[in-house]
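Before any comments, here is the structure.
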Ligand code: GLC
């Protein structure tokens, strides 16, 4: 028997409207990350823009997602692709203007899609007015207190104030011509705000209101774990900071004080109608610590980076799924699941390589294997209770572009040496919409990062209505999530006995089996085959599930 598709999708407009009316929509929402630079370019300058996003909203509605999260489009010198914001209330001209943002939000709502925008509160751009004035006014300027300015150590202040390193590599401090140093956990063009200063909190509460008044449905909070630094900015005392990152609480990450900020923000959000949400980008050592961010009076969701970092391995996945569900249950927050975003190697390429290489991989690996596993991993993710995040292009099965020439790279970490990142451009290559044409339909004027040969065959056009294509698999899976309430909803899974390397669980009338082993396995057929990421052969009550394949069954009629 060949691959099955899901039940026919209910009329998508009607179902989108139904979703929009439901309370707590975010608990099982599928949220699609748009990286505006690389989604669609409306004016032919080679760079994606808001009008491009707006023009493609019907595609997202038809794909079947509930919400769109837009990476930053604010006024920015683009030292870190917009995560260096110079003006939080303005759209960068390269992306359009406020009227375009307004039109995008309105159109999305008209299609039943929610809009989540990125908020970058840990740092600003060095071109932000506060920082420019702080520099110009010199030591003693009250504006310097809104950032972390310090004298240096050593006889003439020639050494940084402490031993912290930037996440992008090199010291986390830069010295300015008048001799003081300032803190930047990321690039030097991204000075960290001092959240002990009341003006910083006031400003961000006002920025929240600005975008809430514009009608956004929520915020993704960038570096949500970083705002508060340990009192006195103590030395770390280790020269192996990158190893500690993510495994330990650092003096600049995941400090308990951040939670006071989110409690205040929550009261603001709750003043607004319409079920608006916060999602935290909080890299913490454990899912249990991540759960602190989503206590009932704080944020609504936090990305599950432990899940994203897991190998395609049944035992590892089983453990992280259980731990996630167990740690979210006491705080009453939904689990979230994510496989790809704009900071990590796409999961089709991660799974094409041997496990243990981390989330920044520079080799293509076995592409066919990677895609097979990626499709299976996606069906597994979409069968889990809670909310799932999809990164643009993963529905096309795009691989990471691992061979970009050095001269086109823009990731600031790439230029700072031994950072944890540095190769993030590979997942940011503009996506292909059409088989042929300038930048495969991305825009009429090429694309800011070169697209590889063969990109057109992965395009939306090439995959639409193509049986077995990855795009049709995503469409079918998302349609099934809408028509089968057991998918996505609920808080737990009932594990079923399964051979080694295989995950099997029941959720109400629905059963998911994911075969991560390198071999095909025979399992009971658990009802009517709803969807599979590969070819499934059923004989009587048994099914043969090939290697690296996920199957959904339903016992409902
Ligand atoms: C977050 C963003 C990443 C950015 C960093 C600094 O991790 O996802 O893209 O470089 O914050 O803002």
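Residue numbers (the working numbering): 656 to 1212. Think of the CB as a built atom: it goes at the ideal place given N, C-alpha and C, for glycine as much as any other residue. Just so we're clear, the structure is a prediction, and the values are computed from it rather than from any experiment.
How many whole angstroms separate the CB atoms of residue i and residue j, which I take to be in contact at a CB cut-off of 8 angstroms?
{"i": "residue 728", "j": "residue 750", "result": "4 angstroms"}
{"i": "residue 932", "j": "residue 982", "result": "The Cβ separation is near 19 angstroms, so there is no contact."}
{"i": "residue 793", "j": "residue 1100", "result": "The pair is not a contact, with the Cβ atoms about 43 angstroms apart (cut-off 8 angstroms)."}
{"i": "residue 741", "j": "residue 780", "result": "4 angstroms"}
{"i": "residue 697", "j": "residue 704", "result": "5 angstroms"}
{"i": "residue 1180", "j": "residue 1169", "result": "Actually they are not in contact, since the Cβ atoms of residue 1180 and residue 1169 sit about 15 angstroms apart, beyond 8 angstroms."}
{"i": "residue 875", "j": "residue 773", "result": "5 angstroms"}
{"i": "residue 1182", "j": "residue 1209", "result": "5 angstroms"}
{"i": "residue 995", "j": "residue 1082", "result": "7 angstroms"}
{"i": "residue 930", "j": "residue 680", "result": "6 angstroms"}
{"i": "residue 966", "j": "residue 1010", "result": "4 angstroms"}
{"i": "residue 1057", "j": "residue 1017", "result": "6 angstroms"}
{"i": "residue 1130", "j": "residue 715", "result": "Not quite, the Cβ-Cβ distance comes to about 11 angstroms (not below 8 angstroms), so this is no contact."}
{"i": "residue 846", "j": "residue 852", "result": "That pair is no contact at about 13 angstroms."}
{"i": "residue 980", "j": "residue 1146", "result": "7 angstroms"}
{"i": "residue 855", "j": "residue 883", "result": "At roughly 11 angstroms, the Cβ-Cβ gap does not stay under 8 angstroms, so residue 855 and residue 883 are not in contact."}
{"i": "residue 927", "j": "residue 972", "result": "That belief does not hold up - the Cβ atoms of residue 927 and residue 972 are roughly 37 angstroms apart, past 8 angstroms."}
{"i": "residue 789", "j": "residue 799", "result": "5 angstroms"}
{"i": "residue 1133", "j": "residue 770", "result": "Incorrect: roughly 18 angstroms between the Cβ atoms, too far for contact."}
Relative to the C-alpha of residue i, which residue among the options is closest?
{"i": "residue 1026", "options": "834, 1047, 1055 and 1043", "result": "1055"}
{"i": "residue 917", "options": "763, 981 and 850", "result": "850"}
{"i": "residue 834", "options": "809, 966, 939 and 841", "result": "809"}
{"i": "residue 762", "options": "793, 775, 722 and 734", "result": "722"}
{"i": "residue 975", "options": "986, 991, 1084 and 1175", "result": "991"}
{"i": "residue 1193", "options": "726, 1203 and 1178", "result": "1178"}
{"i": "residue 702", "options": "688, 713, 747 and 682", "result": "747"}
{"i": "residue 1004", "options": "1011, 998 and 1021", "result": "1021"}
{"i": "residue 743", "options": "987, 753, 730 and 735", "result": "730"}
{"i": "residue 997", "options": "1112, 757 and 1079", "result": "1079"}
{"i": "residue 691", "options": "680, 736 and 685", "result": "736"}
{"i": "residue 807", "options": "801, 881 and 818", "result": "818"}
{"i": "residue 1104", "options": "858, 1064 and 945", "result": "1064"}
{"i": "residue 1291", "options": "714, 1045 and 733", "result": "The structure shown does not extend to residue 1291, since the chain spans only 656 to 1212, so no value can be given for it."}
{"i": "residue 724", "options": "739, 756 and 745", "result": "756"}
{"i": "residue 1046", "options": "1071, 1019 and 1001", "result": "1001"}
{"i": "residue 682", "options": "956, 1155, 1112 and 1029", "result": "956"}
{"i": "residue 1030", "options": "1171, 859, 1159 and 869", "result": "1171"}
{"i": "residue 1096", "options": "1116, 1077, 1107 and 1108", "result": "1116"}
{"i": "residue 909", "options": "891, 898 and 878", "result": "878"}
{"i": "residue 970", "options": "685, 1154, 738 and 695", "result": "1154"}
{"i": "residue 1200", "options": "832, 1158 and 783", "result": "1158"}
{"i": "residue 689", "options": "753, 1044, 1151 and 1119", "result": "1044"}
{"i": "residue 820", "options": "891, 752 and 1067", "result": "891"}
{"i": "residue 686", "options": "836, 837, 872 and 1196", "result": "872"}
{"i": "residue 803", "options": "837, 782 and 784", "result": "837"}
{"i": "residue 952", "options": "973, 928, 987 and 964", "result": "987"}
{"i": "residue 1060", "options": "1024, 1107 and 1093", "result": "1107"}
{"i": "residue 604", "options": "898, 911 and 901", "result": "The structure shown does not extend to residue 604, since the chain is modelled only from 656 to 1212, so the question has no answer here."}
{"i": "residue 783", "options": "1161, 739 and 771", "result": "739"}
{"i": "residue 999", "options": "1019, 964, 1024 and 977", "result": "964"}
{"i": "residue 985", "options": "760, 1195 and 948", "result": "948"}
{"i": "residue 684", "options": "1142, 726 and 801", "result": "1142"}
Under 8 angstroms, with one C-beta from each stretch per pair, do the region 699-714 and the region 821-828 reach the 3-pair mark? No, the region 699-714 is not in contact with the region 821-828.
Meets three-Cβ-pair contact criterion under 8 angstroms: the region 1086-1095 and the region 1028-1044: No: the two stretches stay apart, fewer than three of their Cβ pairs being nearer than 8 angstroms.
Taking only runs that begin and end inside the region 753-828, name each unbroken beta strand (DSSP E) of 3 or more residues, in chain order. Counting whole runs of 3 or more residues, the region 753-828 contains the beta strand (DSSP E) stretches 769-774.
Just checking, does the region 1202-1212 make contact with the region 1179-1193 on the three C-beta pairs under 8 angstroms criterion? They touch, by the three-pair rule.
Inter-stretch contact (C-beta, 8 angstroms, three-pair minimum) for the region 958-972 and the region 909-923: Output reads no: the region 909-923 does not touch the region 958-972.
Whole runs of the beta strand (DSSP E) within the region 922-949, excluding any shorter than 3 residues: As far as the region 922-949 is concerned, its whole beta strand (DSSP E) runs of at least 3 residues are 932-935.
Indicate whether the contact test is met: 3 or more Cβ pairs, each with one atom in the region 1117-1131 and one in the region 1049-1068, closer than 8 angstroms. With the cut-off at 8 angstroms, the region 1117-1131 and the region 1049-1068 touch.
On the three-pair Cβ rule with 8 angstroms, is the region 759-777 touching the region 812-822? No contact exists between the region 759-777 and the region 812-822.
Can you find at least 3 beta carbon pairs, one from the region 1029-1036 and one from the region 1159-1169, that sit closer than 8 angstroms? Verdict: yes, contact present.
The region 1136-1146 contacting the region 934-941, beta-carbon criterion three pairs below 8 angstroms: Because the criterion of three Cβ pairs below 8 angstroms is not met, the region 1136-1146 and the region 934-941 do not touch.
List in chain order: all unbroken alpha helix (DSSP H) runs of 4+ residues lying wholly within the region 1001-1053. For the alpha helix (DSSP H) assignment, the uninterrupted runs of no fewer than 4 residues enclosed by the region 1001-1053 are, from N- to C-terminal side, 1002-1005 and 1022-1037.
Within the region 676-719, note down every full beta strand (DSSP E) run reaching 3 residues or more, in order along the chain. DSSP assignment within the region 676-719 yields the following whole beta strand (DSSP E) runs of 3 residues or more, N-terminal first: 685-689.
Counting only runs that start and end within the region 844-914, where is the beta strand (DSSP E) found for 3 or more residues in a row? Runs of the beta strand (DSSP E) lying entirely within the region 844-914, each at least 3 residues long, are 873-876 in chain order.
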